[in-house]
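Enquirer: Numbering (this note's numbering), first residue to last: 1 to 127.
The beta-carbon is built from N, C-alpha and C at its ideal position, and this holds for glycine as well.
Handing you a structure now.
As structure tokens, then:
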């Protein structure tokens, strides 16, 4: 049995065609490694506009994520055991009730799920 490690991580900047972007890369206590896009990098002088990140603000965001991981409150950290079949059922409910699709569309979706997707991926865990 392996020991539970404290969460660790760092931020790094990637040059993209649309401009530089900050990313966070961190390891969770269960050993999984995660890389998330933080947002556009601000390298000019002065205060960044809303939605832009300096290195200091990107590191502060990473610290918040690592603190949540230490406390066990980070979304997605606790595995739910949900399968593809569970997600497909919820998706069908959403399409039927929230999106109010026609019955013929719902029948097509159910048919595709039943014939092709559920036999192949139904018991596949999502996490």
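1. Considering only their Cβ atoms, is the gap separating residue 37 from residue 26 smaller than 8 angstroms?
2. Give the range of the beta strand (DSSP E) segment to which residue 12 is assigned.
3. With DSSP collapsed to three states, give me the class of residue 42.
4. Can you look up residue 102 in the DSSP assignment and give me helix, strand or coil?
5. Taking all protein chains shown into account, decide if residue 20 is buried (16 or more other Cβ within 10 angstroms of its Cβ) or exposed.
6. State the DSSP-derived secondary structure class of residue 65, mapped to helix, strand or coil.
7. Can the beta-carbon of residue 11 be found less than 8 angstroms from the beta-carbon of residue 55?
Expert: Taking the geometry as given:
1. Remark: C-beta atoms of residue 26 and residue 37 do not approach each other more closely than 8 angstroms.
2. 8-16
3. coil
4. It is coil, neither helix nor strand.
5. exposed
6. helix
7. yes
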